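Colleague: Chains as they are written, first to last, in this note's numbering: chain E, 1 to 507; chain Y, 1 to 118.
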Amino acid sequence: MTDNTLILSVIIHLFTAIVLLALWRKTVAQRIISVVGSVVAMVIAIRLFTAVWDNGILTMQAAGWDAPFGITFVADVFSSTMVLLTSFSGIAVSIYSATGVARGRMLYGYFPILHLLLMGLNGAFLTGDIFNLYVWFEVIIIASFVLMTLGGRRAQIEGSVKYMAMNVLASTFFLTGIGILYGITGTLNMADLSLKIAALENRKLVDIVSIFFIVGFGIKSAVFPLYFWLPSSYHTPPSAVAAIFGGLLTKVGIYALFRVFTLIFIPDEFLRTLLVVLAIFTILTGSFGAVIKNNIRRVFSYLIVCHIGFMVGGLGMYSEIAITGALFYLIHDMMVKTNIFLIAGLIRKLRGTMNMDKLGGLYAEYPLLSLVVALVLFSLVGIPPLSGFWPKIYLFEAGFMDAQYPLLVAIIIGSFVTLYVIAKLWAKVFWKNQPTLPAEENYTDEFKPMSAFRKSLLVVPIVFLMAIALYIGLAAENVALVAKHIARDMKDMTPYIEAVLGTNVSP
Amino acid sequence: MELLLVILIGVLYATGIFMLLRRSMVKLLIGLILLGNGANLLIFLLGRITKGAPPVIDSAAKFFTDVYADPIPQALILTAIVISFGLQAFAIVLLKRVYVLINSDDLDDLNTPEEEDI
Numbered sequence: 001m002t003d004n005t006l007i008l009s010v011i012i013h014l015f016t017a018i019v020l021l022a023l024w025r026k027t028v029a030q031r032i033i034s035v036v037g038s039v040v041a042m043v044i045a046i047r048l049f050t051a052v053w054d055n056g057i058l059t060m061q062a063a064g065w066d067a068p069f070g071i072t073f074v075a076d077v078f079s080s081t082m083v084l085l086t087s088f089s090g091i092a093v094s095i096y097s098a099t100g101v102a103r104g105r106m107l108y109g110y111f112p113i114l115h116l117l118l119m120g121l122n123g124a125f126l127t128g129d130i131f132n133l134y135v136w137f138e139v140i141i142i143a144s145f146v147l148m149t150l151g152g153r154r155a156q157i158e159g160s161v162k163y164m165a166m167n168v169l170a171s172t173f174f175l176t177g178i179g180i181l182y183g184i185t186g187t188l189n190m191a192d193l194s195l196k197i198a199a200l201e202n203r204k205l206v207d208i209v210s211i212f213f214i215v216g217f218g219i220k221s222a223v224f225p226l227y228f229w230l231p232s233s234y235h236t237p238p239s240a241v242a243a244i245f246g247g248l249l250t251k252v253g254i255y256a257l258f259r260v261f262t263l264i265f266i267p268d269e270f271l272r273t274l275l276v277v278l279a280i281f282t283i284l285t286g287s288f289g290a291v292i293k294n295n296i297r298r299v300f301s302y303l304i305v306c307h308i309g310f311m312v313g314g315l316g317m318y319s320e321i322a323i324t325g326a327l328f329y330l331i332h333d334m335m336v337k338t339n340i341f342l343i344a345g346l347i348r349k350l351r352g353t354m355n356m357d358k359l360g361g362l363y364a365e366y367p368l369l370s371l372v373v374a375l376v377l378f379s380l381v382g383i384p385p386l387s388g389f390w391p392k393i394y395l396f397e398a399g400f401m402d403a404q405y406p407l408l409v410a411i412i413i414g415s416f417v418t419l420y421v422i423a424k425l426w427a428k429v430f431w432k433n434q435p436t437l438p439a440e441e442n443y444t445d446e447f448k449p450m451s452a453f454r455k456s457l458l459v460v461p462i463v464f465l466m467a468i469a470l471y472i473g474l475a476a477e478n479v480a481l482v483a484k485h486i487a488r489d490m491k492d493m494t495p496y497i498e499a500v501l502g503t504n505v506s507p
Numbered sequence: 001m002e003l004l005l006v007i008l009i010g011v012l013y014a015t016g017i018f019m020l021l022r023r024s025m026v027k028l029l030i031g032l033i034l035l036g037n038g039a040n041l042l043i044f045l046l047g048r049i050t051k052g053a054p055p056v057i058d059s060a061a062k063f064f065t066d067v068y069a070d071p072i073p074q075a076l077i078l079t080a081i082v083i084s085f086g087l088q089a090f091a092i093v094l095l096k097r098v099y100v101l102i103n104s105d106d107l108d109d110l111n112t113p114e115e116e117d118i
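(1) Name the DSSP beta bridge partners of residue 74 of chain E, please?
(2) Could you tell me whether the Cβ atoms of residue 58 of chain E and residue 129 of chain E are closer together than 7 Å?
(3) Select from E:190, E:484, E:496 and E:176 the residue whose C-alpha is nearest the C-alpha of residue 215 of chain E.
(4) Quick one: Cα of residue 153 of chain E to Cα of residue 113 of chain E, how far?
(5) How big is the Cα-Cα spacing for residue 35 of chain E and residue 468 of chain E?
(6) Quick one: using the 10 Å Cβ neighbour count with 16 as the cut-off for buried, is residue 55 of chain E buried or exposed?
(7) Per DSSP, what are the beta-bridge partners of residue 338 of chain E in this structure?
(8) Look at the alpha carbon of residue 355 of chain E and the alpha carbon of residue 377 of chain E, and state the distance between them as a whole number of angstroms.
(9) Taking the C-alpha atoms as reference points, what is the distance between residue 574 of chain E and residue 53 of chain E?
(10) By the DSSP assignment, the alpha helix (DSSP H) with residue 227 of chain E in it spans what residues?
(11) What's the gap between the Cα of residue 261 of chain E and the Cα of residue 190 of chain E?
(12) Measuring alpha carbon to alpha carbon, tell me which of E:162, E:89 and E:47 ends up nearest residue 21 of chain Y.
(13) Starting from residue 98 of chain Y, find everything on chain E with Cβ-Cβ shorter than 7 Å and list it in chain order.
(14) Would a check of beta-carbon distances place residue 10 of chain Y closer than 7 Å to chain E?
(15) Note down, in chain order, each residue of its chain lying with its Cβ closer than 6 Å to the Cβ of residue 36 of chain Y, except the 5 sequence neighbours on either side.
(16) At the 7 Å Cβ level, is residue 14 of chain Y part of the contact set with chain E, yes or no?
(17) So what's residue 24 of chain Y in DSSP terms, helix, strand or just coil?
(18) Taking C-beta to C-beta, are residue 19 of chain Y and residue 107 of chain Y nearer than 7 Å?
(19) Does the distance from the CB of residue 491 of chain E to the CB of residue 269 of chain E come in under 7 Å?
(20) Residue 70 of chain Y by DSSP, collapsed to three states: which one?
(21) Please compile the residues from chain E whose C-beta is within a distance smaller than 7 Å of the C-beta of residue 79 of chain Y.
(22) Which residues in the same chain have their Cβ closer than 8 Å to the Cβ of residue 9 of chain E, if we skip the five residues on either side of it in sequence?
(23) For the stretch 219 to 229 of chain E against the stretch 162 to 171 of chain E, are there 3 or more C-beta pairs whose distance is under 8 Å?
(24) Could you work out which residues of chain Y lie near residue 138 of chain E, taking near to mean beta carbons separated by less than 7 Å?
(25) My output table needs one value for residue 40 of chain Y: the three-state DSSP class, helix, strand or coil.
(26) Tell me whether residue 294 of chain E sits in a helix, a strand or coil according to DSSP, three-state version.
(27) Mind pulling the chain Y residues with CB within less than 7 Å of residue 213 of chain E?
(28) Could you please tell me which residues of the stretch 86 to 111 of chain Y, in chain order, have their CB closer than 8 Å to any CB of chain E?
(29) Does the distance from the CB of residue 29 of chain Y to the CB of residue 15 of chain Y come in under 7 Å?
(30) Measure the beta-carbon distance from residue 97 of chain E to residue 240 of chain E and round it to whole angstroms, keeping in mind my assumption that it falls under 8 Å.
(31) Pick out the complete beta strand (DSSP E) segments inside the stretch 375 to 441 of chain E, 3 residues or longer, and give them in chain order.
(32) For residue 30 of chain E and residue 99 of chain E, I'd like the C-alpha separation in whole angstroms.
(33) Who are the neighbours of residue 182 of chain E on chain Y, taking C-beta pairs under 8 Å?
(34) Starting from residue 485 of chain E, follow the alpha helix (DSSP H) in both directions and report where the run begins and ends.
(35) Just to make sure I have the definition right: I need the residues of chain Y whose C-beta is within less than 7 Å of the C-beta of residue 131 of chain E. Which are they?
(36) Please classify residue 66 of chain E: does DSSP put it in a helix, a strand, or coil?
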């Protein structure tokens, strides 16, 4: 069904960014506009999701050029779920930023760039054209470069060199893949590509092209062995920015992997094995890295890498149950990962440091807040009945059915290490007494002297995201329904292709 | 012509990757630029090179009858060039900033130890 309003999710953020640019240096107005824009975006995203859920796939042919010649925008359940989750993270981060980001950064355009980043994310989720996907990726990375460097502290600049170099390299690989794909099929529309690639005789060439996409998206989503830029850059920007990066940016890579490898390249034996092996190493390296780190945000960065492996493993097993599990994990992960970086920022506000050795006693001082944090951390670990638990059931079921024992062992190790790391963090930051620091390192509690309103701006987003994570855990059957629906769509893309091309393609 | 382009693309990719693996940040940047140019030429080559046949329809004709140059690769390359121009401009400013801050061009000097984290 053609519906031109699906592009509203992209336009609202563009519009907000333009208004914010007009309000350059008026930071109070910017904060208000940013939150309002995010709320409107959330309403639009909810409407889009319900429309897609009720009526099936929506498409929009840009400027009326029919597919496969023009650029198509498609909202299926997968896309609209991602847009919805992005809007949740977006609203949490824009509220949190109102007090969580220094005024100096706002003066240099923090809010406009934040909304341009969200626009790029929504665009990437909604596009149905592979080159357009590349362009949205570039919109995302250029916005993320600015957010990462804004402020210009030494550590930030150091992190962003690695981040910049790896992301530009990933884009080049992606572009190379697109070039070859265009050369062998003569089309860029993903639905059309799906048909043309399936009809190709030369499967070896298809495998080689797909490697370009694995490398390109693998760098972006931090898959072994291309993940090392992530732990060396995600701990440097302000926590609000790190939350968007940790919750959404790596997940765009995962989204693109799922989209490309279920629609265009249907993985054969070789690709499936490759993805499973990559997943195993991603989980192991990520979890071992998390064990040795002592800074909260560095630990969380390695946990991102570790949990990316769960999703890639689900894709690699490629059964309907495995994909359901991976998608369920993706939904849970986007909410919780955004939240833990916001929590890291809050801890920094409370104590002025994120080094676990210098922290302590938070539970005695802020018992209620600690309880909220505990719920989030337990969701991340996956203690039943919280949200991280349910997707693992699906992954285990798929692993046993498929006899992928090495991957199962890796997932168990990954889950166990997550539990260990989170328990260590909880004990060190919340339970143990505040260690006495040398006089020159004495902390100042920035949180306590704040007015109640400013305090709530920091706490409300965390509670909001926690509530969503609780919903994912306690109403898991609803989320599982969505994940199963998407997985079923992925195993049979005919409705998607028919919706885009407007023709009957069933064999 | 095709053979020449193939060799040129190969050389651009090879030198680009080689430069990426150097320690110097300026060489890293040059490597990224070379790789980007290689990718652009690759799209150009794979879009089939057709000489002297612009995709312009004669006003009397209704559709193309002859072999014509595909305009899409050029549109793609143009987009890619503009994007890489923006990225490279940013990268140059970033690297200059790094040089001002740490007074070194060596990527190995980019590691602030974990103890200095806040």
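Glycine is no exception: its CB is placed at the ideal position from the N, C-alpha and C atoms. Note that the coordinates shown come from a computational prediction; the quantities given were computed from them, not determined experimentally.
Modeller: Taking the geometry as given:
(1) E:59
(2) Contact: no.
(3) Among E:190, E:484, E:496 and E:176, the Cα nearest to that of residue 215 of chain E is on E:176.
(4) 19 Å
(5) A direct Cα-to-Cα measurement between residue 35 of chain E and residue 468 of chain E gives close to 18 Å.
(6) exposed
(7) In the DSSP assignment, residue 338 of chain E forms no beta bridge with any residue.
(8) 18 Å
(9) Any question about residue 574 of chain E goes unanswered here, given that chain E covers just 1 to 507.
(10) Segment: none, residue 227 of chain E is in no alpha helix (DSSP H) and carries neither H nor E.
(11) 11 Å
(12) The shortest Cα separation from residue 21 of chain Y among E:162, E:89 and E:47 belongs to E:162.
(13) 157 and 161
(14) no
(15) 84
(16) no
(17) strand
(18) Going by C-beta atoms, residue 19 of chain Y is not nearer than 7 Å to residue 107 of chain Y.
(19) no
(20) Coil at residue 70 of chain Y, not helix or strand.
(21) Those are 135, listed as they occur along chain E.
(22) 41, 44, 45, 48, 83, 87, 122 and 126
(23) yes
(24) Those within 7 Å of residue 138 of chain E in chain Y are 83.
(25) helix
(26) coil
(27) Ordered by position in chain Y, no residue passes the 7 Å Cβ test against residue 213 of chain E, which lies about 14 Å from the chain.
(28) 86, 87, 90, 91, 94, 95, 97, 98, 101, 102, 107, 110 and 111
(29) no
(30) About 4 Å separates the CB atoms of residue 97 of chain E and residue 240 of chain E; that is less than 8 Å, so the two are in contact.
(31) none
(32) 12 Å
(33) 43, 46, 47, 72, 73 and 76
(34) 476 to 491
(35) 76
(36) coil
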